[in-house]
Amino acid sequence: MVDFLDELEKDVPALRRYARALTRNIDRADDLVQDTLERAIARRGLFRPRGPLRPWLFTILTNLHRNSRRSDRRRGETVDVATVELATSAPQPGHLALAELARAIETLPLDQKEALLLVTLEGLAYSEAAAILQIPTGTLMSRLGRARATLRQLTGGETQPHLRTVK
Amino acid sequence: MSEISRDTLMAYLDNELDAATRVKVEADAAAMAEVAAYARQSDAIRTLYAPVGAEPLPSHLDPHRLALQAQRRQWRAVAQAAMIVCVLGIGIAAGWLLRPSANAPALYDRLIADAVSAHTVYVAENRHAVEVASNDSEHLSTWLSNRLDTTLAMPDLSVQGLTFLGGRLLPAPAIPGGRAAQLMYENAAGERTTLYITPATGVGGPAYESVRLGTDQVLYWANTIFTCTIVGTGTPEQLQAIANAVFAQLSPGASPLYES
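Structure representation (structure tokens):
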């Protein structure tokens with residue numbers, strides 16, 4: 001029980017990062033993470049996987065996010081992209097390019113965005129990401145490819161030397 | 001342009017390739033340039049959101065705290081469920097205790113009906129009208145007293161012109177204890193009268209009830225110890241006289257039986 005909670009705690013930063021990238025809204029992201037944690041705690045006896053917790057937690061979060069989007073759409077709410085803050089706000093080289101990238105990610109269809117963020121941001125293996133999104137690995141790769149191509153197009157094509165300085 | 005597919009390039013970038021294919025990709029300069037472009041993009045995405053992962057954890061996202069809250073909620077739910085069960089239980093118990101009083105008269109009505117049935121069945125018998133005959137009345141009294149779990153004397157109704165024939169034990173499923181005693185008497189004309197006696201525990205209802213069922217006159221009475229249903233062919237007045245005699249002989253004042 002304590003082990004489980006400690007393990008859970010270690011994954012919270014990653015969950016917040018993924019949630020923030022998905023929603024681009026601090027409050028919605030943290031609500032999503034809280035819901036995810038509560039669900040994980042409530043279901044630990046029944047559904048806790050044998051392996052690492054992280055993929056399971058990402059699965060819960062992804063599904064909760066999809067559900068909330070579905071109910072938002074039913075209520076007719078939309079997220080106002082223009083008012084959503086950037087995660088990084090300090091002025092720095094490449095900041096404008098990053099803002100551009102964030103907006104470009106925002107325009108991606110959700111299924112491409114999920115695939116992109118799980119693999120690039122969270123560094124999950126294709127098989128793990130595919131399992132989380134409940135799609136075949138081939139489908140994951142094609143979504144990933146389309147997402148990356150679109151982003152390259154939207155953020156100025158092949159060469160972005162200024163982004164290189166940001167590490 | 002390289003012959004290496006976009007999927008392979010991505011797989012190289014994401015460390016999903018086997019060693020042999022990696023070597024092949026690395027040998028292709030154009031492919032490596034593509035990979036570098038993808039790598040920059042991935043770096044940028046990580047740079048964009050890395051600070052979120054480094055933020056201090058807000059207390060409302062602490063799993064220990066959430067688990068504690070969930071536990072409290074669970075206990076509250078259990079307590080609530082227990083409360084509901086209690087309230088329901090009290091309600092059901094109260095409902096049972098205060099159940100419509102229409103049920104209570106039904107119990108003494110059933111005693112009357114049982115008395116009449118038993119009367120009808122056994123007065124018609126000659127050799128087997130009674131289980132234990134009057135010549136063994138001491139044994140009969142002890143036996144019925146034991147079975148009814150109360151002390152029962154055999155009333156002498158000779159003043160009323162009735163001869164004691166004897167008695168039997170009968171089932172009385174309607175009442176606690178489930179047993180009744182039937183005592184049978186006969187007048188000079190051979191007309192028979194029966195007393196159907198049960199302990200009064202849990203019977204309730206009126207103290208007296210006089211009804212006529214077909215050719216039989218019925219008089220029911222109850223005190224705190226017994227109920228007695230007298231079934232016979234006489235008039236209501238004759239039955240009342242019998243009842244008075246029975247009551248006098250079984251009543252607390254007249255007999256040490258009812259001292260308690």
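Protein chains in written order, with full-length UniProt numbering: chain U, 1 to 167; chain R, 1 to 260. We treat Cβ as the ideally placed atom computed from N, Cα and C, and that holds for glycine.
Element boundaries [beta strand (DSSP E), containing residue i]
i, result
"residue 195 (chain R)", "192 to 199"
"residue 141 (chain R)", "Unbroken run through residue 141 (chain R) is the alpha helix (DSSP H), 137 to 148; no beta strand (DSSP E)."
"residue 230 (chain R)", "226 to 232"
"residue 210 (chain R)", "208 to 213"
"residue 112 (chain U)", "First-last for residue 112 (chain U): 110 to 116, but that is the alpha helix (DSSP H), not the beta strand (DSSP E)."
Residue i vs residue j beta-carbon contact at 8 Å
i, j, result
"residue 209 (chain R)", "residue 168 (chain R)", "no"
"residue 153 (chain R)", "residue 250 (chain R)", "yes"
"residue 64 (chain U)", "residue 35 (chain U)", "yes"
"residue 5 (chain U)", "residue 176 (chain R)", "no"
"residue 143 (chain U)", "residue 115 (chain U)", "yes"
"residue 248 (chain R)", "residue 227 (chain R)", "no"
"residue 191 (chain R)", "residue 233 (chain R)", "yes"
"residue 155 (chain R)", "residue 246 (chain R)", "yes"
"residue 151 (chain U)", "residue 41 (chain R)", "yes"
"residue 106 (chain U)", "residue 43 (chain U)", "no"
"residue 123 (chain U)", "residue 6 (chain R)", "no"
Cutoff 8 Å: residue i Cβ touching any chain U Cβ
i, result
"residue 59 (chain R)", "no"
"residue 47 (chain R)", "yes"
"residue 52 (chain R)", "yes"
"residue 62 (chain R)", "yes"
"residue 109 (chain R)", "no"
"residue 80 (chain R)", "no"
"residue 44 (chain R)", "yes"
"residue 17 (chain R)", "no"
"residue 76 (chain R)", "no"
"residue 32 (chain R)", "no"
"residue 262 (chain R)", "This structure cannot speak to residue 262 (chain R), because chain R is shown only from 1 to 260."
"residue 104 (chain R)", "Unreliable placement is indicated for residue 104 (chain R), whose pLDDT of 48 sits below 50; the coordinate value is still reported in the next sentence. No, residue 104 (chain R) does not count as interfacial toward chain U."
"residue 72 (chain R)", "no"
"residue 37 (chain R)", "yes"
"residue 22 (chain R)", "no"
Cβ of residue i within 8 Å of any chain C Cβ
i, result
"residue 52 (chain U)", "Protein chains in the displayed structure are U and R, and chain C is not among them."
Short CB-CB distance (under 8 Å) between residue i and chain R
i, result
"residue 57 (chain U)", "no"
"residue 41 (chain U)", "yes"
"residue 153 (chain U)", "no"
"residue 13 (chain U)", "yes"
"residue 30 (chain U)", "yes"
"residue 115 (chain U)", "no"
"residue 150 (chain U)", "no"
"residue 8 (chain U)", "yes"
"residue 131 (chain U)", "no"
"residue 16 (chain U)", "yes"
"residue 38 (chain U)", "yes"
"residue 62 (chain U)", "no"
Rounded straight-line distance, which links the Cα of residue j to that of residue i
i, j, result
"residue 108 (chain R)", "residue 207 (chain R)", "10 Å"
"residue 38 (chain R)", "residue 32 (chain R)", "10 Å"
"residue 52 (chain R)", "residue 61 (chain R)", "14 Å"
"residue 151 (chain R)", "residue 142 (chain R)", "8 Å"
"residue 185 (chain R)", "residue 84 (chain R)", "57 Å"
"residue 138 (chain U)", "residue 18 (chain R)", "17 Å"
"residue 8 (chain R)", "residue 26 (chain U)", "35 Å"
"residue 37 (chain U)", "residue 48 (chain R)", "24 Å"
"residue 154 (chain U)", "residue 41 (chain U)", "40 Å"
"residue 125 (chain R)", "residue 92 (chain R)", "47 Å"
"residue 179 (chain R)", "residue 68 (chain R)", "60 Å"
"residue 182 (chain R)", "residue 112 (chain R)", "12 Å"
"residue 72 (chain U)", "residue 28 (chain U)", "12 Å"
"residue 82 (chain R)", "residue 39 (chain U)", "25 Å"
"residue 189 (chain R)", "residue 163 (chain R)", "11 Å"
"residue 95 (chain R)", "residue 88 (chain R)", "10 Å"
Inter-residue CB distance, residue i and residue j (contact presumed, cutoff 8 Å)
i, j, result
"residue 125 (chain U)", "residue 16 (chain R)", "7 Å"
"residue 101 (chain U)", "residue 44 (chain R)", "5 Å"
"residue 161 (chain R)", "residue 187 (chain R)", "5 Å"
"residue 166 (chain R)", "residue 134 (chain R)", "5 Å"
"residue 61 (chain U)", "residue 32 (chain U)", "6 Å"
"residue 211 (chain R)", "residue 218 (chain R)", "5 Å"
"residue 194 (chain R)", "residue 121 (chain R)", "Not a contact, Cβ separation roughly 10 Å."
"residue 15 (chain U)", "residue 57 (chain U)", "6 Å"
"residue 132 (chain U)", "residue 55 (chain U)", "6 Å"
"residue 174 (chain R)", "residue 127 (chain R)", "Actually they are not in contact, since the Cβ atoms of residue 174 (chain R) and residue 127 (chain R) sit about 29 Å apart, beyond 8 Å."
N- and C-terminal bounds of the alpha helix (DSSP H) containing residue i
i, result
"residue 154 (chain U)", "137 to 154"
"residue 100 (chain U)", "95 to 107"
"residue 89 (chain R)", "63 to 97"
"residue 10 (chain R)", "6 to 13"
"residue 47 (chain R)", "29 to 54"
"residue 236 (chain R)", "236 to 250"
"residue 23 (chain R)", "19 to 26"
"residue 221 (chain U)", "This structure gives no information on residue 221 (chain U), because the portion of chain U shown stretches from 1 to 167."
Residue i CB to nearest heavy atom of the ligand MG below 7 Å
i, result
"residue 137 (chain R)", "You won't find the ligand MG in this model; it holds no ligand whatsoever."
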